[in-house]
Amino acid sequence: VRSFKPGERVYVNPGIGCGECRHCKQGEPTRCDAYTFMGYFGFGAGSQTIFGKYPYAGYSAYTTAPAANLVRLPDTLGAAQAARFGYLGTAYSAIRKSGLRPGQDILILGATGTLGVGATLLALAFGASRVVVVARDAAALDRLVQLDPRRIVPIQLGDRAIAEQVRAHLPDGVDVMLDTLGAKAPAALSVDAMQAVARGGRIVQIGGVAGPIPIDPHPFMCAQLQYIGSLWFTPAEGDEMASMIAAGTVDLSILESRPYPLERLNEALEDIQTQANGFTNFHIVHQ
């Protein structure tokens, strides 16, 4: 290892490919059939070999990882905030895939969740003119609006259709939609929000909402819409995100640190189920 020195602060991207297939060679490990989250789970038969080389996961006091998977952290970023890189990176890669350009509008479905809050911060940093944040919790939506009251448009889930509410604010619709809803959310919410996407718009799925998403090919084709799946992020994208944070383009001070020692791990997992929101940053501290 020549590019890192002992004592340097890094984030270890746990996503790793086989290193030999054409996707890995092209710098796109997330497309590898054997793509694996070290010490966690994998997507193909080749994952078992990767587990053998890198068996340690996120709760470890020490771990091994390829140097290529390390992201050097800026001095301005604390370890607690860096623990959020997985979710932030997932949103970052999705926004890149969406092709969002400065001046365009984006809708974030599930905006007050762990993925959604990070996506909102990044959408602002990418130069979106308006960031439409959709969620149920009115108080959490208000917190998002405070990030940039002129650019953030809150939409609360309720009796009115999502698309109807969005187009009341933006008659032409949005250029990009990010679906951050988790597996417990009904797919109908995603289908509803898709109706707010303008012609030629892009829909990116990163939450894994449960159930099928019905798509009628003919109107989808005529409107030139794109439906894109996005998984995790590459180490290179992690470097880009770290540079944005170092430059002050992305401010993570909104995140509330909730540290737990390793011996209280089970308590932390229980609290995540009952007390977590997109602004809460749960993390384990080795003492």
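Sequential numbering of the sequence shown, starting at 109, is according to the working numbering. Backbone N, C-alpha and C define an ideal beta-carbon position, used for all residues, glycine too.
- Taking C-beta atoms as the reference points, Y167 and L370 count as a pair closer than 8 Å.
- Between R180 and V239 the beta-carbon gap is near 29 Å, outside 8 Å, which marks them as no contact.
- Counting of Cβ neighbours within 10 angstroms places A231 among the buried residues, the total reaching 16 or more.
- Under the 10 Å beta carbon count, L196 is surrounded by 16 or more other beta carbons and is classified as buried.
- With a minimum length of 4 residues, the unbroken runs of alpha helix (DSSP H) contained wholly in the region 323 to 373 fall at 325 to 330 and 343 to 354.
- A distance below 8 Å separates the beta carbons of R366 and F390.
- With contact defined as three or more Cβ pairs closer than 8 Å, the region 312 to 319 and the region 288 to 298 are in contact.
- A residue is called buried when at least 16 other Cβ atoms come within 10 angstroms of its Cβ; D300 meets this threshold and is buried.
- For G281, there is no enclosing beta strand (DSSP E), as DSSP gives it neither H nor E.
- Taking all protein chains in view, the Cβ of D283 is crowded by 16 or more other Cβ atoms within 10 Å, so the residue is classified as buried.
- The C-beta distance from I392 to A376 rounds to 7 Å, short enough to fall under 8 Å.
- A direct Cα-Cα distance of roughly 29 Å separates K113 from C129.
- Taking the C-beta atoms as reference points, G154 is found nearer than 8 Å to A142.
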